[in-house]
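Structure, as structure tokens:
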Amino acid sequence: MVVYYQIAGQKVGSHMLSIGVLSTLFGGIWAMSGGSKKSAGPNNTPPLNASSKDEENFIQEFLKQADGGSGNREGGKS
């Protein structure tokens with residue numbers, strides 16, 4: 001059994017209204033989920049705001065040591 005509604009001078013069935021609503025909903029979700037994806041790579045690091053070259057070198061060396069040491073852990077023990 002179909003209920004008809006008068007929309008803009010036309011008879012529109014309730015099943016057509018539900019198809020339109022669902023199509024708009026899922027079409028909008030699909031359209032908004034697209035776009036460019038930024039991959040996480042080694043070049044995607046925040047800029048270093050060091051006040052001197054020595055401080056910048058220290059930060060870079062610390063990050064290298066921190067990245068190298070994280071793979072040696074087992075069960076949270078160093």
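Residue 1 is where the sequence shown starts when you use UniProt numbering, and the numbers rise one by one after that. Positions of the beta carbon are idealized from the N, C-alpha and C atoms, including for glycine. Here the structure is a predicted model, which means the values were calculated and not measured.
Three-state class that DSSP yields for residue i in the structure shown
i: V12; result: strand
Own chain residues within Cβ distance below 6 Å of residue i, not counting five before or after
i: V12; result: Y5
Residue i versus residue j - alpha carbon distance
i: T45; j: L22; result: 41 Å
i: R73; j: H15; result: Legend: pLDDT at R73 = 49, less than 50; position of this residue unreliable, value from coordinates given subsequently. Distance between the alpha carbons of R73 and H15: 59 Å.
i: Q65; j: N57; result: 12 Å
i: F26; j: I59; result: 47 Å
i: P47; j: K53; result: 14 Å
Contacts around residue i, its chain only, beta-carbon distance under 7 Å, and the 5 residues preceding and following it disregarded
i: A50; result: E56 and I59
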